[in-house]
Amino acid sequence: MKKEEGNLSVSTENLLPIIKKWLYSEHDIFLRELISNAHDAVMKLKQLKMEGIFEGEEPEYCVEIIPDKEKKTLTIRDNGLGMTVDEIKKYINQIAFSGAKEFVAKYEKVKDQNNLIGHFGLGFYSSFMVADKVEIVSKSFQKDSQAVHWESDGSVKYVLEPVSKTEVGTDITLHILEDSKEYLETYRIKELIKKYSNFLPVKIKLENEVINKGEPLWKKNPADIKDEEYIEFYRELFPGEYEPLFWVHLKTDYPFELTGILYFPKLVHELDASKGNVKLFVNNVFVADKLKEVTPEFLSVIMGALDSPDIPLNVSRSQLQGDPRTKKISSHIVKKIAEKLESIYEDNREKYIQIWEEINTYIKFGCIQDTNFYENLKKAVLFKNLEKNWVGLEEYIERNKDKNINKDNKSLVLYLSEEKDNAGIEEILKENQIETLLTHSVIDSHFIDFLERQKTDIKFASADSDLNEIIFDSLYPFSEEKEKQMKEVFQKYIDDKNLEIQFKPFKSETMPSMLINPEAIRRMQEMTAMMMGKKNMGSFSKDILTINAKSSLAAKVMLYDSSDSEKAKKIVLNMKDLAYLSAGKLKGDALTGFMKRMVEDLNKG
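The sequence shown begins at 7 in the working numbering and counts up by one.
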């Protein structure tokens with residue numbers, strides 16, 4: 007072979023400046039691309055050795071990174087299959103160059119070039135982002151092949167000549183630009199190996215130290231992996247994180263290829279927006295992180311790693327989200343997470359309750375967004391009851407289906423908001439053994455609406471709403487005439503146009519009064535408050551003051567009305583204020599007036 011000088015293409019001079027400009031903040035990827043090429047060469051030689059095609063002595067397969075600050079060079083050395091002169095002409099002068107041109111052509115079609123996934127596939131020519139000259143010295147595994155030297159400064163010209171080299175493999179030497187000297191620093195090289203190439207199965211050495219971890223945990227058989235290994239891998243991916251709540255090991259090869267491990271992290275608070283980081287790998291090589299496009303919004307806090315050749319690269323994140331393959335992968339992830347949660351619910355209820363306490367808002371949101379997710383998990387939907395124990399909604403419905411029936415012949419699911427002071431109504435419910443659930447999540451108003459649409463034979467009703475007739479004593483003799491008389495007396499002492507008064511015999515005699523609001527209005531208020539980021543939106547309608555017709559205080563009002571109207575008025579106002587107090591709505595002048603009356607009564611002794 008004689009020394010050869012030639013031209014790559016007249017367009018090369020325009021190609022590299024474009025790449026440098028577009029990837030000005032992504033120069034790091036040159037090392038990923040070159041190490042990946044070196045790794046592929048090593049793996050191919052290893053395969054040829056297994057097949058008996060390579061007859062030479064088997065080396066210790068590795069890729070070595072050699073910085074030389076004095077010469078300002080960085081060498082990527084592999085003992086893979088090497089290249090002949092014809093292969094260099096084919097793979098470097100033609101295919102690699104064409105790949106770079108194709109890379110640029112794709113970039114030109116994308117509007118948001120800084121928001122692309124991966125910047126993947128630039129290959130060998132990425133080296134010119136950090137070097138003003140690149141040399142290749144390579145010897146093929148083929149018997150009696152001549153070692154060859156290739157050199158280019160990134161312009162149209164290249165030099166190709168024979169060279170002396172005894173070991174099979176390839177050295178790529180980059181003459182580093184002045185503004186890229188950071189890539190000669192050991193710490194920086196190590197950092198990039200760990201980031202991009204940590205899970206390649208071939209050893210990557212720097213100063214005789216193996217830097218990469220090797221084959222990732224997601225490649226192993228889940229049956230062979232201990233929980234401690236999953237947790238250790240999570241901490242390796244995300245140093246400083248708490249132990250995850252649970253994880254899902256993904257392995258599928260049809261209708262797409264996907265492996266990976268996804269973790270649900272422990273959250274600092276209910277809506278911890280700081281979480282969420284899915285790292286994308288392709289053939290064990292890191293491509294991108296914070297890949298929210300492959301999971302739905304309700305799984306935005308998921309963390310972990312996915313490896314798939316079927317996730318499109320070099321497209322914008324918005325394009326990725328709309329890609330049909332990505333949608334299928336997202337659906338698969340949702341299905342597997344639902345199945346995992348269901349299995350934990352069936353096998354370890356105590357652990358599931360711990361998980362539910364942490365992430366029930368996300369699960370509820372997921373059920374609302376994805377009915378398939380709900381169908382998988384409907385048996386595992388939990389609510390606390392008045393005794394603060396977690397109970398399954400399905401179990402509650404089964405236990406109470408013949409007890410709590412409304413006028414439309416639907417089974418009532420009674421609930422109270424855990425954030426409110428429910429002492430009065432709770433006493434009635436407990437005294438009469440009426441099982442009641444507690445809502446607490448900001449999303450619960452939407453969630454119970456959703457559940458009613460899914461289960462048309464049930465109706466959710468707040469225990470202090472107009473829908474709950476269970477707390478009233480239907481057997482107590484209370485005529486319309488009696489109610490009319492009491493209403494006239496009470497309205498005489500209450501001057502409030504925003505208050506409606508009704509009389510009902512409670513099952514308990516100890517609760518003198520309570521506020522009962524329409525269920526539909528209550529939900530509207532709670533939903534509006536949630537959307538506006540407030541705890542309470544106030545009342546959209548008149549309050550309904552419900553007086554216990556069986557209460558001894560109500561009887562005293564009727565007695566004192568004719569003999570001591572001031573005393574009757576004080577009792578009426580106190581009954582009204584007690585109802586507002588128990589609902590957490592007694593404020594301002596009303597609270598001051600109530601306290602004043604209490605002090606007066608105490609002073610009278």
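Glycine included, every Cβ here is placed at the ideal spot set by N, Cα and C.
This one's a predicted model, so the numbers in the text were calculated from it and none came from an experiment.
By the neighbour-count definition (other C-beta atoms within 10 Å, threshold 16), G12 is an exposed residue. For A311, the enclosing beta strand (DSSP E) covers residues 309-313. In this model, Y368 and K407 are separated by some 28 Å (Cα to Cα).
Boundaries cannot be given for S186, as no alpha helix (DSSP H) includes it and DSSP labels it neither H nor E. With respect to the 9 Å criterion, G310 and V284 are classified as neighbours on the basis of their beta carbons. Bridge pairing for C68: K209 [DSSP]. S151 is positioned such that its CB atom lies closer than 9 Å to that of G88.
Less than 9 Å separates the beta-carbon of I500 from that of K582.
Rounded to the nearest whole angstrom, the CA to CA distance from K413 to K465 is 11 Å. Inter-residue distance for L297 and F287 is about 11 Å (C-alpha atoms, whole angstroms).
Classified as exposed, L565 has fewer than 16 neighbouring CB atoms from the shown chains inside 10 Å of its CB. Residues of the same chain with a CB within less than 8 Å of the CB of L305, apart from the 5 flanking positions on each side, are I339, V340, I343, Y368, G372 in chain order.
The beta carbon of G599 lies closer than 8 Å to those of L579, D583 in the same chain, with the five residues before and after it left out.
For Y566, there is no enclosing beta strand (DSSP E); the enclosing alpha helix (DSSP H) covers residues 558-569. Contact between the stretch 516-526 and the stretch 549-565 is present: 3 or more CB-CB pairs across the two stretches fall below 8 Å. Residue range 154-158 is occupied by the beta strand (DSSP E) that includes H155. Going by DSSP, F453 is part of no beta strand (DSSP E) but of the alpha helix (DSSP H) stretching over 450-460. In this structure P73 is buried. Its beta-carbon is surrounded by 16 or more other beta-carbon atoms within 10 angstroms. For Y499, the uninterrupted alpha helix (DSSP H) segment begins and ends at 486-499. Counted as a single uninterrupted DSSP element, the stretch harbouring K139 is not any alpha helix (DSSP H) but the beta strand (DSSP E) occupying residues 137-145. No Cβ-Cβ contact shorter than 9 Å links H452 with I335. For M520, the enclosing beta strand (DSSP E) begins and ends at 519-521.
T192 sits in a helix when the DSSP states are folded into three classes.
Taking the Cα positions, Y97 is about 15 Å away from K50.
When secondary structure is reduced to three states using DSSP, N504 falls in the coil class, being assigned neither helix nor strand. It is roughly 22 Å from the alpha-carbon of N523 to the alpha-carbon of D595. Excluding residues up to 5 positions away in sequence, D34, L37 lie with their Cβ nearer than 6 Å to the Cβ of L198 in the same chain. Around the C-beta of A47, 16 or more other C-beta atoms lie within 10 Å, and the residue is accordingly described as buried. The beta carbon of E424 sits closer than 8 Å to the beta carbons of K390, L444, T445, H446 from its chain, once the five residues preceding and following it are set aside; these are given in chain order. Within its own chain, the residues whose Cβ lies closer than 7 Å to the Cβ of K52, once the five positions on either side in sequence are excluded, are Y67, listed in chain order. Taking the CA atoms as reference points, T179 sits about 14 Å from E76. For a cut-off of 8 Å, the C-beta gap from N289 to P315 is around 7 Å, short enough to register as a contact.
At a Cβ-Cβ threshold of 9 Å, D230 and G266 do not count as neighbours. The alpha carbon of K55 has as its nearest neighbour, out of V165, N85, F130, the alpha carbon of N85.
By the C-beta density criterion, V448 is buried, having at least 16 other C-beta atoms within 10 angstroms. When the five nearest sequence neighbours on each side are left out, the beta carbons in the same chain lying within less than 8 Å of the beta carbon of S471 are those of I522, N523, P524, E525, R528, in order along the chain.
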